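Okay, so here's the structure we're looking at.
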Amino acid sequence: MMSSTRATPARGLKLALQLGVLMMAVGCGDPYRDRLIDGLPEEDPNFQPGELHRPGQPCLACHSAYGGAPDFSLGGTLFSGAKPTETPTMLGGYTLRVYDSEGQSRDMLSNACGNFHIRRKDWDPAFPLRAELYQDNPAQPGKLIQLTIMSTRIAREGSCAGCHIGHPSPLSPGVVEVPGTTPSAVSDACPPPWLGPDPRAPVQGLK
Ligand code: HEC
Ligand code: HEC
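Count along the sequence shown starting at 1, add 2, and that's the number in this note's numbering.
Structure (structure tokens):
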């Protein structure tokens, strides 16, 4: 006997079309990127979306053709060092230098909330990339002193927080930090840093 509720091909097509419209309404349907964006906190109401917002977060999740915010080729946040029990604080005034595979380089100065970025229209680097950290030379203004370099290469990820999240763990080298520095008092001049899905989790990045 034929049940009247059995899906007919026409009904199946209608359902697929409805689902398609629904998916276009909630996102473009990249499950990895949607989960990444959904896992980030809401915008802090005390700060406008702008150069000081969302410290520690993977900027390009949103600042990309996919995410809809102005397109960046690189973005990240610089922090102090911190013990596992401490929260690192954001550090401004240091220079992140990135070289691309064609030998071109750009400098990004970390701002008052540790953030730095480059718009894709200003530089669209050829991966893989090399990252280096510098500080000003007080004795010779305009000259920089190299503090540390990332010894491996960045193959294709433009968000430093694509890898650098929270405290060091088996899945992350930890936030990009200035060696030899320690956290300072918490200030309300910046939003609190995002340190990963769960900063106390023994292994980060998994859900
Ligand atoms: C969850 C999404 C999201 C993340 C993550 C994010 N942003 Fe944004 N950002 C936005 C949105 C949305 C705007 C507002 C865009 C607009 O006004 O058109 C914005 C605006 C900005 C602006 C001003 C844009 C302009 O054209 O002047 C800057 C600068 C900026 N963000 C930097 C960053 C940096 C640096 C990071 C990473 C540390 C970051 N953002 C992380 C969504 C995000
Ligand atoms: C694909 C993952 C990945 C991305 C993306 C990434 N890094 Fe790294 N980074 C690492 C790893 C792993 C290390 C530790 C090993 C090493 O030095 O290569 C590291 C180390 C570093 C160090 C040296 C840290 C120290 O202990 O002194 C700096 C500085 C650094 N990264 C800066 C950056 C900056 C700036 C960005 C964004 C432009 C970035 N990294 C993006 C994986 C990444």
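All C-beta atoms in this analysis are idealised placements derived from N, C-alpha and C, irrespective of residue type, glycine included.
This one's a predicted model, so the numbers in the text were calculated from it and none came from an experiment.
Cβ-based neighbour list, residue i, same chain, cut-off 6 Å, excluding 5 preceding and 5 following
i    : result
H169 : P86, G176
C162 : G78, V178
S186 : T91
Of the residues the options, the one placed nearest residue i, counting alpha carbons only
i    : options               : result
T97  : G105, Q106, N113      : N113
S107 : D138, D126, Q59       : D126
D190 : R99, Q142, P57, R132  : P57
D124 : P33, D109, Q137, R37  : D109
P2   : P33, D32, Y34, H55    : Because the chain in this structure spans residues 3 to 209, residue 2 falls outside the shown range and cannot be described.
G116 : L135, G94, G105, A128 : G94
Contacting residues, own chain, Cβ-Cβ under 7 Å from residue i (five flanking each side not counted)
i    : result
E179 : F81, S82, G83, P90
L131 : V100, Y101, D102, R155, I156
T183 : S82, G83, L93
A67  : D73
Three-state class that DSSP yields for residue i in the structure shown
i    : result
D124 : coil
A163 : helix
Y101 : strand
R158 : coil
R213 : The structure shown does not extend to residue 213, since the chain is modelled only from 3 through 209, so no value can be given for it.
- Flag this pair as touching only if the stretch 135–150 and the stretch 37–49 have three or more C-beta atom pairs under 8 Å; answer yes or no. Taking 8 Å as the limit for Cβ pairs, the verdict is that the stretch 37–49 does not touch the stretch 135–150.
- Task: Could you name each continuous beta strand (DSSP E) segment of 3 residues or more that falls completely within the stretch 60–93, going from the start of the chain to the end?
- Result: You should have 74–82.
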